[in-house]
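Below is one structure, written out as structure tokens, with a few remarks after it.
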Amino acid sequence: MIVGTAGHIDHGKTTLVRALTGVDTDRLPEEKARGITLQLGYAYLPVDGLDEPIGFVDVPGHERLVHTMLAGATGIDFALLLVAADDGPMPQTREHLAVLSLLGIGQGAVVITKADRVNEARRRAVEAEARALVQHSVLADAPLLAVSATDGRGLPGLRELLVEAARKHRRAEDDGRAFRLAVDRAFTLDGVGTVVTGTAHAGRVRTGQALQLGDPADGRQVRVRSLHAQNRAVAQAGAGQRCAVGLAGLERAEVQRGQWLVEPSVALATSRLDVRLQVWPGEAKALKTGQPVQVHLGATAVAGSVAVLDGGREPERLQPGEQGLVQLVLQAPLGAWHGDRLVLRDASASRTLAGGTVIDPFAPARYRRSPQRLQELQALQAPTAAGRLRQAVACAPQGLDLLRFARAQGLTAVEPLRTALPEGCLSSDEAGATWVLGAAQADQAAGQVLQALTEFHERAPDELGPDATRLRRIALPRLSEPLWRALLQRLRDDGRIARRGAFVHLPAHGVRLSDTETRIAQKAAPRLAAAGVEGAWVRDLARDGGEPEALMRTTLARLAQRGELHQVVRDLYYPEATMAALAGTARRLAAEHGGTVTAAAFRDATGLGRKRAIQVLEHFDRIGLLRRTGDLHRLRADCLLFLPEA
7 MIVGTAGHID
17 HGKTTLVRAL
27 TGVDTDRLPE
37 EKARGITLQL
47 GYAYLPVDGL
57 DEPIGFVDVP
67 GHERLVHTML
77 AGATGIDFAL
87 LLVAADDGPM
97 PQTREHLAVL
107 SLLGIGQGAV
117 VITKADRVNE
127 ARRRAVEAEA
137 RALVQHSVLA
147 DAPLLAVSAT
157 DGRGLPGLRE
167 LLVEAARKHR
177 RAEDDGRAFR
187 LAVDRAFTLD
197 GVGTVVTGTA
207 HAGRVRTGQA
217 LQLGDPADGR
227 QVRVRSLHAQ
237 NRAVAQAGAG
247 QRCAVGLAGL
257 ERAEVQRGQW
267 LVEPSVALAT
277 SRLDVRLQVW
287 PGEAKALKTG
297 QPVQVHLGAT
307 AVAGSVAVLD
317 GGREPERLQP
327 GEQGLVQLVL
337 QAPLGAWHGD
347 RLVLRDASAS
357 RTLAGGTVID
367 PFAPARYRRS
377 PQRLQELQAL
387 QAPTAAGRLR
397 QAVACAPQGL
407 DLLRFARAQG
417 LTAVEPLRTA
427 LPEGCLSSDE
437 AGATWVLGAA
447 QADQAAGQVL
457 QALTEFHERA
467 PDELGPDATR
477 LRRIALPRLS
487 EPLWRALLQR
497 LRDDGRIARR
507 GAFVHLPAHG
517 VRLSDTETRI
527 AQKAAPRLAA
537 AGVEGAWVRD
547 LARDGGEPEA
557 LMRTTLARLA
567 QRGELHQVVR
577 DLYYPEATMA
587 ALAGTARRLA
597 AEHGGTVTAA
607 AFRDATGLGR
617 KRAIQVLEHF
627 DRIGLLRRTG
637 DLHRLRADCL
647 LFLPEA
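Per the working numbering, residue 7 is the first one in the sequence shown, and the count goes up by one each step.
Take a look at the structure:
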């Protein structure tokens with residue numbers, strides 16, 4: 007169990023820890039000279055019958071060091087709110103109480119210190135003031151004790167209270183989350199090297215393990231050389247323990263307080279957080295959209311601003327005591343997982359404003375207040391990761407990246423999440439991503455594809471159908487590529503669509519040739535191939551083959567419907583191989599000229615006349631290989647037409 011002190015400066019926090027543990031947590035010369043705590047201090051109390059000692063985090067009480075107090079308060083299990091008997095509650099008493107409440111640290115005690123300095127009447131008066139102060143906070147029902155570190159009164163009772171709480175304390179169960187530690191101190195030891203300390207927020211770590219230090223974009227991976235947990239050398243440590251981690255190959259100067267030490271697979275840094283926030287009831291003003299704040303999470307603080315997503319009585323603002331959804335826009339990225347607690351202070355860091363819980367560390371910049379987004383945020387507040395996933399998938403029209411979801415939850419294993427999905431979901435695993443689309447959304451998407459194909463066949467009955475990439479732009483432009491391919495495969499397996507190469511069509515649109523048409527097609531094939539890049543006209547093929555022009559026209563149109571020929575303009579046909587060669591020329595020219603093709607360049611490269619070159623380029627525009635912009639034809643980079651993999 008980790009015990010944290012809180013209270014106004016000079017109210018006896020360090021003295022009390024020393025009286026309980028025998029350890030002076032003021033280790034810096036300046037702290038000893040001035041008699042005040044400037045940095046976080048640590049001590050341990052061994053207890054017979056407990057597997058590990060009780061850990062203490064001693065925090066500064068000065069108003070200018072509340073940011074340091076916040077770094078130490080994150081991760082404690084039991085809070086001691088100290089009030090000096092000769093002073094009574096003071097400004098930092100109130101602010102530290104706000105911090106404890108907003109971080110949700112509900113287990114603790116109120117301790118009246120320096121009881122030897124006042125008479126009984128004064129002590130009782132201060133006790134009454136302290137009771138009134140915590141009445142509407144997380145410590146409302148906490149025990150209250152009066153102690154003196156000088157003559158020892160009350161210390162046995164306080165020690166007994168802490169030991170009993172430690173015996174009842176249950177370390178967080180393994181919930182599948184990865185190891186993560188908020189670095190609050192770093193130093194160098196001879197023979198060990200660089201050591202970082204902090205409270206493990208989740209998971210387990212072992213010696214020899216590789217971890218990510220800091221932002222994955224500019225941080226670095228390190229190896230765990232040694233481990234101490236609760237002041238003892240161990241081979242592995244886990245959530246809820248104070249840890250000292252020796253890191254191999256790392257200089258002390260490369261470590262900063264506030265960095266996360268985390269398993270690489272779930273390391274993330276974000277500049278936008280969607281949060282369920284509560285404004286502190288003691289705050290005098292409403293929290294408004296656009297208001298600058300200091301965001302404290304873990305052991306770090308980052309400047310940012312607030313965007314209220316669902317205000318209470320008034321839009322875009324939350325009144326004191328109100329709860330609501332907000333987006334925090336940060337000036338520098340920080341690591342955050344779903345469920346992390348955070349605290350907001352004003353821009354000048356003079357008072358605590360609000361606190362809350364991270365809902366989504368991958369908050370969007372656009373449509374953040376849309377009904378769809380608010381529905382997603384509601385889904386992400388379910389009590390379990392599996393429940394959050396099921397609800398999120400059920401309201402995600404474009405599907406959900408399962409690996410991204412797992413990272414936001416701090417989970418390394420995706421398979422347990424996959425087994426939690428309801429039947430009928432569409433999923434795709436490729437290129438290092440796992441996408442999921444809900445059953446209802448998959449059915450709706452399938453309907454949109456079939457409707458788009460029906461309308462395409464009505465508009466262009468002589469074409470086999472659009473290529474898969476073009477069909478996606480028509481029917482479901484926002485659906486991810488992996489889910490799109492999985493959807494097409496499902497429709498194909500169900501017999502609801504057919505594919506020929508890159509082209510997609512309804513099964514009924516894929517016509518069969520009659521015996522006569524088959525004979526004519528076989529007769530026309532060598533003449534079509536011999537026509538080269540100029541293509542072949544219906545009348546010429548009919549004349550050379552000795553066939554009626556009307557029958558030749560019908561046969562070639564059916565071959566175009568089957569995707570075996572391309573009709574560039576009325577009655578002018580090209581076989582697939584010739585068109586593929588022309589497409590290859592267009593792709594080469596686009597690669598050489600910044601993604602665009604001009605009619606003049608295409609004419610010179612193919613030997614066609616200008617008119618015919620323009621006709622072929624316009625055909626490529628129609629079928630989705632190119633896109634006309636002014637006098638240029640721009641290659642669609644996502645188009646697979648005429649490529650071998652199609």
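Glycine included, every Cβ here is placed at the ideal spot set by N, Cα and C.
| Quick one: Cα of residue 612 to Cα of residue 591, how far? | As a first step, residue 612 is located in the sequence shown; it is residue number 606 there, counting from the start. As a first step, residue 591 is located in the sequence shown; it is residue number 585 there, counting from the start. Between the alpha carbons of residue 612 and residue 591 lies a gap of roughly 8 Å.
| message | I'd like the ranges of any alpha helix (DSSP H) spanning at least 4 consecutive residues and lying wholly in the stretch 355-412. | response | Counting only runs of 4 or more, we get 377-385, 391-400.
| said: Which of the three DSSP states is assigned to residue 234 in this structure? | reply: For the purposes of this step, residue 234 is taken as residue 228 along the sequence shown, with counting starting at 1. Residue 234 falls in the strand class under three-state DSSP.
| Counted within 10 angstroms of its Cβ, other Cβ atoms place residue 154 as buried (16 or more) or exposed | For the purposes of this step, residue 154 is taken as the residue at position 148 of the sequence shown. When all chains shown are included, residue 154 counts as buried.
| task | Kindly indicate which three-state DSSP category residue 614 falls into: helix, strand or coil? | result | In the sequence shown, the residue the question calls residue 614 occupies position 608. If DSSP states are grouped into helix, strand and coil, residue 614 belongs with coil.
| task | Would you list, in sequence order, the uninterrupted beta strand (DSSP E) runs of no fewer than 3 residues that lie entirely inside the stretch 232-278? | result | With a minimum length of 3 residues, the continuous beta strand (DSSP E) runs that stay inside the stretch 232-278 are 242-244, 248-254, 266-268.
| field | Cross-strand partners of residue 229 (DSSP beta bridge) | value | By one-based count along the sequence shown, residue 229 stands at place 223. Note: residue 229 sits in a beta bridge opposite 216, 254.
| query | Any idea which residues DSSP pairs residue 193 with across the strands? | reply | By one-based count along the sequence shown, residue 193 stands at place 187. Residue pairing by DSSP places residue 193 opposite 201 in a beta bridge.
| query | For residue 462, which residues does DSSP report across the bridge? | reply | Sequence index remark: in the sequence shown, residue 462 carries index 456 (1-based). According to DSSP, which records beta bridges pairwise, residue 462 is partnered with nothing at all.
| At what residues does the beta strand (DSSP E) containing residue 330 begin and finish? | On the sequence shown, position 324 is the one that residue 330 refers to. Element bounds for residue 330: 329-340.
| request: Mind checking who residue 124 pairs with in its DSSP beta bridge? | output: The count along the sequence shown starts at 1 and reaches residue 124 at position 118. Per DSSP, none; premise fails for residue 124.
| said: Residues in the same chain with beta-carbon distance under 6 Å from residue 513, minus the five sequence neighbours each way, listed in chain order, please. | reply: Your numbering for residue 513 matches position 507 in the sequence shown. Counting only Cβ-Cβ distances below 6 Å, and skipping sequence neighbours, we find 504.
| query | Quick one: what does DSSP say residue 157 is sitting in, helix, strand or coil? | reply | The residue you call residue 157 lines up with position 151 of the sequence shown. Correct three-state label for residue 157: coil.
| query | Could you give the distance in angstroms between the alpha-carbon of residue 648 and the alpha-carbon of residue 187? | reply | In the sequence shown, counting from the first residue as 1, residue 648 sits at position 642. In the sequence shown, counting from the first residue as 1, residue 187 sits at position 181. One C-alpha to the other measures close to 52 Å.
| query | Grouping DSSP H, G and I as helix and E and B as strand, with all else coil, what is residue 426? | reply | Here residue 426 is taken as the residue at index 420 of the sequence shown, counted from 1. Correct three-state label for residue 426: coil.
| request: Enumerate in chain order the residues of its own chain whose CB-to-CB distance from residue 273 is below 6 Å, with the five nearest sequence positions on each side excluded. | output: Taking the first residue of the sequence shown as 1, we reach residue 273 at position 267. Only 218, 222 meet the Cβ criterion.
| Identified DSSP bridge partners for residue 62 | Against the sequence shown, residue 62 aligns to sequence position 56. According to DSSP, residue 62 bridges with 9, 49.
| task | Measure the CB-CB distance between residue 79 and residue 358 and report whether it falls below 9 Å. | result | Translated into the one-based positions of the sequence shown, residue 79 becomes position 73. Translated into the one-based positions of the sequence shown, residue 358 becomes position 352. It is not a contact, given that the beta carbons lie outside the stated cut-off.
| message | Using only CA atoms, which one of 435, 480, 424 lies nearest to residue 393? | response | Translated into positions along the sequence shown, residue 393 becomes position 387. Ranking 435, 480, 424 by Cα distance to residue 393 puts 424 first.
| query | Between residue 29 and residue 49, which are expected to be in contact by the criterion C-beta below 8 Å, what is the C-beta distance as a whole number of angstroms? | reply | Along the sequence shown, one-based indexing puts residue 29 at 23. Along the sequence shown, one-based indexing puts residue 49 at 43. The beta carbons of residue 29 and residue 49 sit about 4 Å from each other, so the pair counts as a contact at 8 Å.
| Just the Cα atoms here: how many angstroms apart are residue 116 and residue 89? | Your numbering for residue 116 matches position 110 in the sequence shown. Your numbering for residue 89 matches position 83 in the sequence shown. About 8 Å.
| field | residue 490: first and last residue of the uninterrupted alpha helix (DSSP H) it sits in | value | Within the sequence shown, the letter at position 484 stands for residue 490. Here the alpha helix (DSSP H) through residue 490 covers 487-499.
| Given residue 585, which residues of its chain have a CB within under 6 Å of its CB, disregarding the five upstream and five downstream residues? | By one-based count along the sequence shown, residue 585 stands at place 579. Taken in chain order, the residues that qualify are 572.
| When you compare only the Cα positions, how much space is there between residue 544 and residue 633? | Position 538 of the sequence shown, counted from the first residue, corresponds to residue 544. Position 627 of the sequence shown, counted from the first residue, corresponds to residue 633. Straight-line Cα distance between these residues: approximately 28 Å.
| message | Distance check for residue 384 and residue 562, CA to CA, integer angstroms please. | response | In the sequence shown, the residue the question calls residue 562 occupies position 556. In the sequence shown, the residue the question calls residue 384 occupies position 378. Each residue's CA atom was taken as its position, placing residue 562 and residue 384 some 57 Å apart.
| task | Measure the C-alpha to C-alpha separation of residue 406 and residue 185 and round it to an integer number of angstroms. | result | Working through the sequence shown from its first residue, we reach residue 406 at position 400. Working through the sequence shown from its first residue, we reach residue 185 at position 179. Inter-residue distance for residue 406 and residue 185 is about 24 Å (C-alpha atoms, whole angstroms).
| task | Kindly confirm or deny that the stretch 231-244 and the stretch 289-297 touch, where touching means at least three C-beta pairs closer than 8 Å. | result | no
| field | Neighbourhood of residue 463 by C-beta distance below 6 Å, restricted to the same chain and skipping five residues each side | value | Looking up residue 463 in the sequence shown gives position 457. Contacts found: 515.
| message | With a threshold of 7 Å on Cβ separation, who are the neighbours of residue 368 within its own chain once the five nearest residues in sequence on each side are excluded? | response | Start at 1 with the first residue of the sequence shown, and residue 368 comes out as number 362. 276, 410, 414.
| Under three-state DSSP, which class holds residue 521? | Start at 1 with the first residue of the sequence shown, and residue 521 comes out as number 515. The answer is helix: DSSP assigns residue 521 an H, G or I state.
| So, helix, strand or coil for residue 481, using DSSP? | The count along the sequence shown starts at 1 and reaches residue 481 at position 475. If DSSP states are grouped into helix, strand and coil, residue 481 belongs with the helices.
| field | Sheet register partners of residue 283 (DSSP bridge) | value | For the purposes of this step, residue 283 is taken as residue 277 along the sequence shown, with counting starting at 1. In the DSSP output, where bridge partners are listed per residue, residue 283 has 330, 362.
| query | Are the stretch 554-570 and the stretch 532-544 touching by the rule of at least three beta carbon pairs closer than 8 Å? | reply | yes
| query | Assuming residue 716 contacts residue 121 under a Cβ cut-off of 8 Å, what Cβ separation, rounded to an integer in Å, is found between them? | reply | Given a span of 7 to 652 for the chain in the structure shown, any question on residue 716 remains unanswerable.
| task | Please say whether residue 57 and residue 9 have beta carbons closer to each other than 9 Å? | result | Taking the first residue of the sequence shown as position 1, residue 9 is located at position 3. Taking the first residue of the sequence shown as position 1, residue 57 is located at position 51. Contact: no.
| request: Check each candidate in 417, 25, 453 and name the one with the smallest Cα separation from residue 181. | output: Walking along the sequence shown from the start, residue 181 turns up at place 175. For the residues 417, 25, 453, the minimum Cα distance to residue 181 belongs to 417.
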